[in-house]
Amino acid sequence: MTSTVATAPAESSALRAPGFRTFLITFLLAMMADNIEHVISYWVAFQKFHSPALGGFAVVSHWLPFLMFSVPVGALNDRFDSRRLIQAGMVLFITASVGWGYFFVTDTLRVRHAMLLLTLHGCAGVLWGTSSQMLLYDIVGPSHLASAVRLNATARYLGFLVGPGVGSLVMRLFGPTWGIFINTVFYLPLLLWLVRAPYGRHFRGAAPGARRAVRGFADIVQTLRDVRGIPVVAAMVLLAGAASFFIGNSYHAQMPGFAHDLGHGDPGLTYTLLLGADAAGALLAGILLETRGNWLRMAPASAMKLAFLWGCSLFTFSFMRWYPAAICVLFLAGFLELSFSSMTQALVQLNAPDAIRGRVLGLFSMSASGLRAFSGVTVGLLGSLTNPHVSLALSALAFVTVAGLLLLRRTQQGGVA
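If you're matching positions, the sequence shown starts at 404 in the working numbering and goes up one per residue.
Dropping the structure here:
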(Lines of atoms letter the chains of each structure in order from A and count residues from 1; the text may use other names and numbers.)
(Lines give C-alpha, C1' and ligand atoms only; values in the text may rest on other atoms or scores of the structure.)
Protein backbone atom coordinates (compact mmCIF):
# COMPACT_ATOMS: atom_id res chain seq x y z
CA MET A 1 0.00 0.00 0.00
CA THR A 2 1.36 3.41 -0.90
CA SER A 3 0.64 6.78 0.58
CA THR A 4 1.45 10.39 -0.07
CA VAL A 5 4.03 11.79 2.29
CA ALA A 6 2.82 15.04 3.81
CA THR A 7 5.52 17.63 4.28
CA ALA A 8 5.55 21.16 5.64
CA PRO A 9 6.67 24.27 3.76
CA ALA A 10 10.33 25.13 4.24
CA GLU A 11 9.67 28.56 5.73
CA SER A 12 7.02 28.00 8.39
CA SER A 13 8.15 29.07 11.87
CA ALA A 14 5.67 28.06 14.55
CA LEU A 15 6.57 31.22 16.48
CA ARG A 16 4.23 33.05 14.10
CA ALA A 17 1.28 30.93 15.17
CA PRO A 18 -0.95 32.58 17.82
CA GLY A 19 -0.67 30.84 21.15
CA PHE A 20 2.40 28.77 20.39
CA ARG A 21 4.81 31.06 22.23
CA THR A 22 2.75 30.79 25.40
CA PHE A 23 2.55 27.03 24.98
CA LEU A 24 6.32 26.81 24.47
CA ILE A 25 7.15 28.92 27.55
CA THR A 26 4.76 27.06 29.82
CA PHE A 27 5.98 23.72 28.42
CA LEU A 28 9.57 24.73 29.20
CA LEU A 29 8.64 25.68 32.76
CA ALA A 30 6.91 22.34 33.28
CA MET A 31 9.91 20.47 31.81
CA MET A 32 12.21 22.41 34.13
CA ALA A 33 9.99 21.53 37.11
CA ASP A 34 10.07 17.86 36.06
CA ASN A 35 13.87 17.89 36.24
CA ILE A 36 13.97 19.94 39.46
CA GLU A 37 11.83 17.30 41.15
CA HIS A 38 14.22 14.59 39.95
CA VAL A 39 17.21 16.45 41.41
CA ILE A 40 15.62 16.98 44.84
CA SER A 41 13.80 13.67 45.23
CA TYR A 42 16.70 11.55 43.96
CA TRP A 43 19.14 13.34 46.27
CA VAL A 44 16.97 12.90 49.38
CA ALA A 45 16.15 9.28 48.54
CA PHE A 46 19.83 8.49 48.02
CA GLN A 47 20.84 10.16 51.28
CA LYS A 48 18.16 8.27 53.20
CA PHE A 49 18.32 4.80 51.65
CA HIS A 50 21.60 4.49 49.66
CA SER A 51 19.71 1.98 47.51
CA PRO A 52 20.95 1.21 43.98
CA ALA A 53 17.77 -0.83 43.50
CA LEU A 54 15.62 2.24 44.15
CA GLY A 55 17.75 4.17 41.65
CA GLY A 56 17.08 1.47 39.08
CA PHE A 57 13.37 1.56 39.89
CA ALA A 58 13.40 5.32 39.29
CA VAL A 59 14.50 4.73 35.69
CA VAL A 60 11.99 1.92 35.09
CA SER A 61 9.10 3.83 36.68
CA HIS A 62 9.88 6.82 34.45
CA TRP A 63 9.72 4.94 31.13
CA LEU A 64 7.51 1.90 31.77
CA PRO A 65 4.28 3.96 31.98
CA PHE A 66 5.02 5.23 28.47
CA LEU A 67 5.26 1.63 27.29
CA MET A 68 2.03 0.57 28.99
CA PHE A 69 -0.24 3.62 28.77
CA SER A 70 0.79 5.78 25.78
CA VAL A 71 -1.69 4.23 23.34
CA PRO A 72 -4.62 4.24 25.83
CA VAL A 73 -3.87 7.90 26.61
CA GLY A 74 -3.76 8.57 22.87
CA ALA A 75 -7.17 6.91 22.52
CA LEU A 76 -8.49 9.22 25.25
CA ASN A 77 -7.21 12.18 23.25
CA ASP A 78 -9.23 11.01 20.25
CA ARG A 79 -12.40 11.31 22.34
CA PHE A 80 -11.79 13.98 24.96
CA ASP A 81 -10.28 17.45 25.34
CA SER A 82 -6.48 17.25 25.23
CA ARG A 83 -6.25 20.36 27.41
CA ARG A 84 -7.95 18.56 30.29
CA LEU A 85 -5.70 15.52 29.95
CA ILE A 86 -2.61 17.75 30.11
CA GLN A 87 -4.05 19.47 33.16
CA ALA A 88 -4.60 16.05 34.75
CA GLY A 89 -0.90 15.38 34.15
CA MET A 90 0.03 18.67 35.81
CA VAL A 91 -2.15 17.82 38.81
CA LEU A 92 -0.38 14.46 39.15
CA PHE A 93 3.02 16.20 38.95
CA ILE A 94 1.98 18.65 41.67
CA THR A 95 0.58 15.81 43.78
CA ALA A 96 3.88 13.95 43.50
CA SER A 97 5.88 17.03 44.57
CA VAL A 98 3.52 17.73 47.48
CA GLY A 99 3.75 14.05 48.44
CA TRP A 100 7.54 14.21 48.57
CA GLY A 101 7.26 17.40 50.62
CA TYR A 102 4.89 15.78 53.11
CA PHE A 103 7.22 12.86 53.73
CA PHE A 104 10.20 15.23 54.01
CA VAL A 105 8.41 17.37 56.62
CA THR A 106 7.22 14.40 58.68
CA ASP A 107 10.44 12.43 58.14
CA THR A 108 8.34 9.33 57.39
CA LEU A 109 9.63 8.54 53.89
CA ARG A 110 9.93 4.81 53.25
CA VAL A 111 11.01 2.92 50.14
CA ARG A 112 7.40 2.01 49.34
CA HIS A 113 6.42 5.68 49.49
CA ALA A 114 9.25 6.64 47.16
CA MET A 115 8.23 3.90 44.70
CA LEU A 116 4.63 5.11 44.73
CA LEU A 117 5.60 8.74 44.10
CA LEU A 118 8.06 7.79 41.35
CA THR A 119 5.34 5.76 39.62
CA LEU A 120 2.87 8.64 39.97
CA HIS A 121 5.43 10.95 38.39
CA GLY A 122 5.90 8.55 35.48
CA CYS A 123 2.13 8.34 34.86
CA ALA A 124 1.94 12.14 34.90
CA GLY A 125 4.59 12.21 32.18
CA VAL A 126 2.50 9.99 29.90
CA LEU A 127 -0.61 12.16 30.28
CA TRP A 128 1.41 15.29 29.64
CA GLY A 129 3.68 14.10 26.84
CA THR A 130 1.23 12.31 24.58
CA SER A 131 -1.55 14.88 25.05
CA SER A 132 0.86 17.78 24.43
CA GLN A 133 1.75 16.40 21.02
CA MET A 134 -1.94 16.08 20.21
CA LEU A 135 -2.64 19.68 21.27
CA LEU A 136 0.44 20.92 19.42
CA TYR A 137 -1.16 20.00 16.10
CA ASP A 138 -4.30 21.92 17.03
CA ILE A 139 -2.34 25.01 18.08
CA VAL A 140 -0.14 25.41 15.00
CA GLY A 141 -1.77 23.33 12.25
CA PRO A 142 0.09 21.38 9.56
CA SER A 143 1.82 24.40 8.00
CA HIS A 144 3.82 25.14 11.17
CA LEU A 145 3.98 21.62 12.60
CA ALA A 146 7.57 20.70 11.73
CA SER A 147 8.84 23.92 13.32
CA ALA A 148 6.64 23.42 16.41
CA VAL A 149 7.87 19.86 16.99
CA ARG A 150 11.47 21.00 16.56
CA LEU A 151 11.09 23.96 18.93
CA ASN A 152 9.31 21.75 21.44
CA ALA A 153 12.19 19.27 21.32
CA THR A 154 14.66 22.12 21.76
CA ALA A 155 12.71 23.34 24.81
CA ARG A 156 12.85 19.81 26.21
CA TYR A 157 16.64 19.75 25.91
CA LEU A 158 16.82 23.22 27.43
CA GLY A 159 14.73 21.94 30.34
CA PHE A 160 17.18 19.06 30.76
CA LEU A 161 20.03 21.57 30.91
CA VAL A 162 18.42 24.23 33.09
CA GLY A 163 16.37 22.01 35.41
CA PRO A 164 19.22 20.32 37.31
CA GLY A 165 21.02 23.63 37.81
CA VAL A 166 17.89 25.39 39.05
CA GLY A 167 17.07 22.37 41.23
CA SER A 168 20.49 22.44 42.86
CA LEU A 169 20.19 26.21 43.43
CA VAL A 170 16.69 25.93 44.93
CA MET A 171 17.78 23.08 47.17
CA ARG A 172 20.82 25.04 48.34
CA LEU A 173 18.87 28.24 49.02
CA PHE A 174 15.72 26.77 50.57
CA GLY A 175 16.60 23.19 51.41
CA PRO A 176 14.99 20.08 49.88
CA THR A 177 11.70 20.39 51.81
CA TRP A 178 10.84 23.97 50.87
CA GLY A 179 12.46 23.42 47.48
CA ILE A 180 10.10 20.61 46.52
CA PHE A 181 7.08 22.72 47.56
CA ILE A 182 8.37 25.73 45.59
CA ASN A 183 8.76 23.46 42.57
CA THR A 184 4.99 23.03 42.31
CA VAL A 185 4.70 26.68 41.24
CA PHE A 186 6.45 25.96 37.93
CA TYR A 187 3.67 23.58 36.88
CA LEU A 188 0.94 26.17 37.41
CA PRO A 189 1.41 28.41 34.30
CA LEU A 190 0.63 25.56 31.89
CA LEU A 191 -2.22 24.28 34.05
CA LEU A 192 -3.85 27.73 34.33
CA TRP A 193 -3.29 28.76 30.71
CA LEU A 194 -5.09 25.64 29.49
CA VAL A 195 -8.24 26.54 31.43
CA ARG A 196 -9.35 28.90 28.63
CA ALA A 197 -6.79 28.35 25.84
CA PRO A 198 -8.88 28.23 22.63
CA TYR A 199 -7.24 25.16 21.13
CA GLY A 200 -8.36 21.62 20.50
CA ARG A 201 -9.97 19.53 17.79
CA HIS A 202 -13.46 20.86 18.66
CA PHE A 203 -12.22 24.46 18.10
CA ARG A 204 -11.14 23.63 14.53
CA GLY A 205 -14.35 21.75 13.84
CA ALA A 206 -12.82 18.28 13.65
CA ALA A 207 -15.13 15.38 14.40
CA PRO A 208 -14.34 13.51 17.62
CA GLY A 209 -13.12 9.94 17.42
CA ALA A 210 -15.57 7.09 17.58
CA ARG A 211 -17.08 6.73 21.02
CA ARG A 212 -15.59 3.43 22.05
CA ALA A 213 -14.11 2.05 25.20
CA VAL A 214 -10.37 2.41 25.80
CA ARG A 215 -9.26 -1.20 25.54
CA GLY A 216 -5.62 -1.18 26.61
CA PHE A 217 -3.65 -3.89 24.81
CA ALA A 218 -6.38 -4.32 22.20
CA ASP A 219 -5.94 -0.65 21.27
CA ILE A 220 -2.22 -1.22 20.76
CA VAL A 221 -2.87 -4.19 18.46
CA GLN A 222 -5.50 -2.30 16.46
CA THR A 223 -3.29 0.78 16.12
CA LEU A 224 -0.43 -1.39 14.85
CA ARG A 225 -2.78 -2.78 12.21
CA ASP A 226 -3.89 0.69 11.22
CA VAL A 227 -0.33 1.99 10.99
CA ARG A 228 0.76 -0.90 8.75
CA GLY A 229 -1.37 0.69 6.03
CA ILE A 230 0.54 3.99 6.34
CA PRO A 231 4.14 3.13 5.32
CA VAL A 232 5.59 6.51 6.30
CA VAL A 233 4.19 6.34 9.83
CA ALA A 234 5.14 2.67 10.21
CA ALA A 235 8.73 3.39 9.19
CA MET A 236 9.07 6.34 11.55
CA VAL A 237 7.59 4.41 14.48
CA LEU A 238 10.00 1.53 13.80
CA LEU A 239 12.97 3.90 13.45
CA ALA A 240 12.18 5.73 16.70
CA GLY A 241 11.54 2.44 18.48
CA ALA A 242 14.88 0.97 17.39
CA ALA A 243 16.69 4.08 18.61
CA SER A 244 14.86 3.88 21.93
CA PHE A 245 15.32 0.12 22.40
CA PHE A 246 18.97 -0.22 21.44
CA ILE A 247 20.37 3.11 22.69
CA GLY A 248 17.82 5.50 24.22
CA ASN A 249 19.61 7.81 26.65
CA SER A 250 21.11 4.97 28.69
CA TYR A 251 24.63 5.87 27.56
CA HIS A 252 24.28 9.03 29.67
CA ALA A 253 24.40 6.84 32.77
CA GLN A 254 27.68 5.37 31.51
CA MET A 255 29.32 8.79 31.11
CA PRO A 256 31.24 8.69 34.41
CA GLY A 257 33.00 5.58 33.14
CA PHE A 258 33.75 7.17 29.77
CA ALA A 259 35.03 10.31 31.51
CA HIS A 260 37.31 8.23 33.71
CA ASP A 261 38.69 6.30 30.74
CA LEU A 262 39.32 9.51 28.79
CA GLY A 263 41.45 10.59 31.75
CA HIS A 264 41.44 14.37 31.40
CA GLY A 265 41.34 16.19 34.70
CA ASP A 266 38.72 15.61 37.35
CA PRO A 267 36.23 12.89 36.33
CA GLY A 268 33.32 15.01 37.55
CA LEU A 269 34.31 17.89 35.27
CA THR A 270 34.88 15.67 32.25
CA TYR A 271 31.56 13.98 32.90
CA THR A 272 29.75 17.34 32.96
CA LEU A 273 31.44 18.51 29.78
CA LEU A 274 30.62 15.30 27.93
CA LEU A 275 26.93 15.57 28.78
CA GLY A 276 27.04 19.27 28.02
CA ALA A 277 28.49 18.61 24.55
CA ASP A 278 25.62 16.27 23.69
CA ALA A 279 22.98 18.77 24.87
CA ALA A 280 24.76 21.73 23.24
CA GLY A 281 24.74 19.94 19.89
CA ALA A 282 21.00 19.35 20.22
CA LEU A 283 20.35 23.01 21.07
CA LEU A 284 22.40 24.17 18.07
CA ALA A 285 20.40 21.80 15.85
CA GLY A 286 17.16 23.31 17.10
CA ILE A 287 18.38 26.84 16.45
CA LEU A 288 19.87 26.17 13.01
CA LEU A 289 16.99 24.07 11.76
CA GLU A 290 14.55 26.75 12.88
CA THR A 291 16.44 29.66 11.33
CA ARG A 292 18.03 27.86 8.35
CA GLY A 293 15.70 24.89 8.03
CA ASN A 294 15.38 25.06 4.25
CA TRP A 295 18.75 23.33 3.81
CA LEU A 296 17.38 20.08 5.27
CA ARG A 297 14.23 18.73 3.65
CA MET A 298 11.75 17.06 5.98
CA ALA A 299 11.25 13.64 4.44
CA PRO A 300 11.44 9.98 5.57
CA ALA A 301 14.73 9.36 3.79
CA SER A 302 16.25 12.43 5.49
CA ALA A 303 15.19 11.15 8.92
CA MET A 304 16.66 7.72 8.17
CA LYS A 305 19.96 9.19 6.99
CA LEU A 306 20.26 11.43 10.04
CA ALA A 307 19.42 8.49 12.33
CA PHE A 308 22.01 6.33 10.57
CA LEU A 309 24.65 9.03 11.09
CA TRP A 310 23.62 9.39 14.76
CA GLY A 311 24.23 5.69 15.31
CA CYS A 312 27.58 5.96 13.52
CA SER A 313 28.63 8.90 15.70
CA LEU A 314 27.88 6.96 18.92
CA PHE A 315 29.66 3.92 17.52
CA THR A 316 32.68 6.16 16.89
CA PHE A 317 32.43 7.72 20.37
CA SER A 318 32.52 4.27 21.99
CA PHE A 319 36.11 3.85 20.77
CA MET A 320 37.30 7.38 21.57
CA ARG A 321 40.44 7.72 23.67
CA TRP A 322 41.22 11.38 22.94
CA TYR A 323 39.11 13.75 25.00
CA PRO A 324 38.82 16.71 22.55
CA ALA A 325 37.73 14.35 19.78
CA ALA A 326 35.19 12.72 22.11
CA ILE A 327 33.68 16.14 22.86
CA CYS A 328 33.35 16.90 19.13
CA VAL A 329 31.76 13.53 18.34
CA LEU A 330 29.23 13.87 21.16
CA PHE A 331 28.40 17.39 20.00
CA LEU A 332 27.69 15.95 16.55
CA ALA A 333 25.64 13.14 18.09
CA GLY A 334 23.44 15.63 19.93
CA PHE A 335 22.95 17.63 16.74
CA LEU A 336 21.93 14.54 14.78
CA GLU A 337 19.69 13.15 17.52
CA LEU A 338 17.47 16.23 17.78
CA SER A 339 17.40 16.55 13.98
CA PHE A 340 16.17 13.04 13.28
CA SER A 341 13.94 12.64 16.34
CA SER A 342 12.02 15.88 15.71
CA MET A 343 11.70 14.98 12.03
CA THR A 344 10.30 11.51 12.74
CA GLN A 345 7.73 12.95 15.12
CA ALA A 346 6.67 15.67 12.67
CA LEU A 347 6.24 13.12 9.87
CA VAL A 348 4.07 10.95 12.10
CA GLN A 349 1.96 13.98 13.06
CA LEU A 350 1.50 15.07 9.44
CA ASN A 351 0.59 11.62 8.13
CA ALA A 352 -1.60 10.36 10.99
CA PRO A 353 -5.31 10.11 10.06
CA ASP A 354 -7.23 12.71 12.04
CA ALA A 355 -9.80 10.24 13.38
CA ILE A 356 -7.11 8.14 15.10
CA ARG A 357 -4.42 10.80 15.55
CA GLY A 358 -4.31 10.33 19.31
CA ARG A 359 -3.79 6.57 19.11
CA VAL A 360 -1.12 6.95 16.44
CA LEU A 361 0.74 9.55 18.51
CA GLY A 362 0.37 7.28 21.52
CA LEU A 363 1.93 4.42 19.56
CA PHE A 364 4.80 6.68 18.54
CA SER A 365 5.28 7.77 22.17
CA MET A 366 5.23 4.14 23.29
CA SER A 367 7.90 3.31 20.73
CA ALA A 368 10.08 6.42 21.12
CA SER A 369 9.89 6.68 24.92
CA GLY A 370 8.50 3.47 26.39
CA LEU A 371 11.08 1.19 24.82
CA ARG A 372 13.79 3.15 26.63
CA ALA A 373 12.99 0.95 29.61
CA PHE A 374 14.88 -1.81 27.75
CA SER A 375 17.88 0.27 26.66
CA GLY A 376 19.26 -0.14 30.17
CA VAL A 377 19.60 -3.83 29.34
CA THR A 378 21.14 -3.36 25.90
CA VAL A 379 23.70 -0.79 27.08
CA GLY A 380 23.82 -1.10 30.89
CA LEU A 381 23.62 -4.84 31.52
CA LEU A 382 25.77 -5.69 28.51
CA GLY A 383 28.26 -3.12 29.80
CA SER A 384 28.46 -4.90 33.14
CA LEU A 385 29.26 -8.16 31.32
CA THR A 386 31.87 -6.56 29.05
CA ASN A 387 32.60 -2.83 29.42
CA PRO A 388 30.74 0.38 28.50
CA HIS A 389 32.74 0.84 25.31
CA VAL A 390 31.84 -2.56 23.90
CA SER A 391 28.19 -2.38 24.97
CA LEU A 392 27.65 1.04 23.40
CA ALA A 393 29.46 -0.04 20.23
CA LEU A 394 27.30 -3.17 19.85
CA SER A 395 24.08 -1.27 20.62
CA ALA A 396 24.95 1.48 18.15
CA LEU A 397 25.87 -1.11 15.52
CA ALA A 398 22.51 -2.86 15.96
CA PHE A 399 20.67 0.43 15.51
CA VAL A 400 22.76 1.42 12.49
CA THR A 401 21.83 -1.92 10.92
CA VAL A 402 18.11 -1.26 11.42
CA ALA A 403 18.35 2.31 10.12
CA GLY A 404 20.39 1.16 7.13
CA LEU A 405 17.90 -1.58 6.24
CA LEU A 406 14.98 0.86 6.48
CA LEU A 407 16.78 3.32 4.21
CA LEU A 408 17.72 0.57 1.74
CA ARG A 409 14.14 -0.69 1.62
CA ARG A 410 12.79 2.80 1.00
CA THR A 411 15.31 3.38 -1.77
CA GLN A 412 14.42 0.07 -3.44
CA GLN A 413 10.75 0.99 -3.31
CA GLY A 414 11.53 4.25 -5.05
CA GLY A 415 10.75 6.36 -2.00
CA VAL A 416 13.89 8.44 -2.18
CA ALA A 417 12.15 11.57 -0.91
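Backbone N, C-alpha and C fix where the C-beta goes; we use that ideal spot for every residue, glycine too.
For Ala645, same chain residues with a beta-carbon under 6 Å away, outside a window of 5 residues either side, are Phe802 and Val805 in chain order. Taking C-alpha positions only, Leu797 is separated from Phe718 by approximately 8 Å. The continuous alpha helix (DSSP H) containing Asn754 extends over residues Tyr726 to Asn754.
Annotation for Asp510: no alpha helix (DSSP H) segment contains it, and DSSP assigns it neither H nor E. Ile623 has its alpha-carbon roughly 37 Å from the corresponding atom of Tyr505.
For the pair Glu693 and Ile583, the CB atoms are not nearer than the 8 Å cut-off. Sixteen is the threshold: when 16 or more other Cβ atoms of the shown chains lie within 10 Å of the Cβ of Thr626, as they do, the residue is buried. Counting other Cβ atoms within 10 Å of its Cβ, Gly578 stays below 16 and is therefore classed as exposed.
Here DSSP, grouped into helix, strand and coil, assigns Arg762 to helix. The closest CA to that of Gly603, considering only Leu520, Arg487 and Ser647, is found on Arg487.
The residue among Gly773, Pro421 and Met707 with its C-alpha nearest the C-alpha of Ser653 is Gly773.
Cβ neighbours of Val508 within its own chain (closer than 8 Å, five residues either side excluded): Thr580. Asp484 sits in coil when the DSSP states are folded into three classes, being neither helix nor strand. A straight-line Cα-Cα distance of about 12 Å links Gln490 and Leu538. In this structure, the CA atom of Gly679 is about 28 Å from the CA atom of Leu788.
Taking the Cα positions, Ser742 is about 29 Å away from His663. The beta carbon of Phe738 is closer than 7 Å to those of Gly684, Ala685, Leu687 and Ala688 in its chain, skipping five residues each way along the sequence. With a contact defined as Cβ atoms closer than 8 Å, Ser454 and Gly525 miss out at about 18 Å.
Nearest neighbour of Leu520 by Cα position, chosen from Leu597, Ala776, Pro601 and Trp503, turns out to be Trp503. According to the DSSP assignment, Ala417 belongs to no alpha helix (DSSP H), since it is labelled neither H nor E. DSSP places Phe720 in the helix class (H, G or I) of the three-state scheme. Nearest Cα to Phe426 within the set Trp531, Phe460 and Arg515: Trp531. The Cβ neighbour count for Val598, taken over all protein chains shown within 10 Å, is under 16; the residue is labelled exposed. A residue is called buried when at least 16 other Cβ atoms come within 10 angstroms of its Cβ; Trp713 meets this threshold and is buried. Taking C-beta atoms as the reference points, Val635 and Asn790 fail to come closer than 8 Å.
Within the model, the alpha-carbon separation for Leu800 versus Cys715 is close to 8 Å. When C-alpha distances from Phe767 are compared across Ala749, Phe777 and Ala776, the shortest belongs to Ala749.
In the displayed model, Thr789 falls within coil according to three-state DSSP, outside both helix and strand. Put simply, the segment 549-569 touches the segment 427-434. At least three CB pairs are less than 8 Å apart. Distance from Leu642 to Ala710 at the Cβ level is roughly 6 Å; contact confirmed, criterion being Cβ atoms closer than 8 Å.
The alpha-carbon of Met493 is positioned some 16 Å away from that of Asn480. Of the residues Arg762, Asp757 and Ser744, the one whose Cα lies closest to the Cα of Tyr560 is Ser744. The residue from Ala736, Met658, Ser485 and Trp466 with its alpha-carbon nearest to that of Ser794 is Met658.
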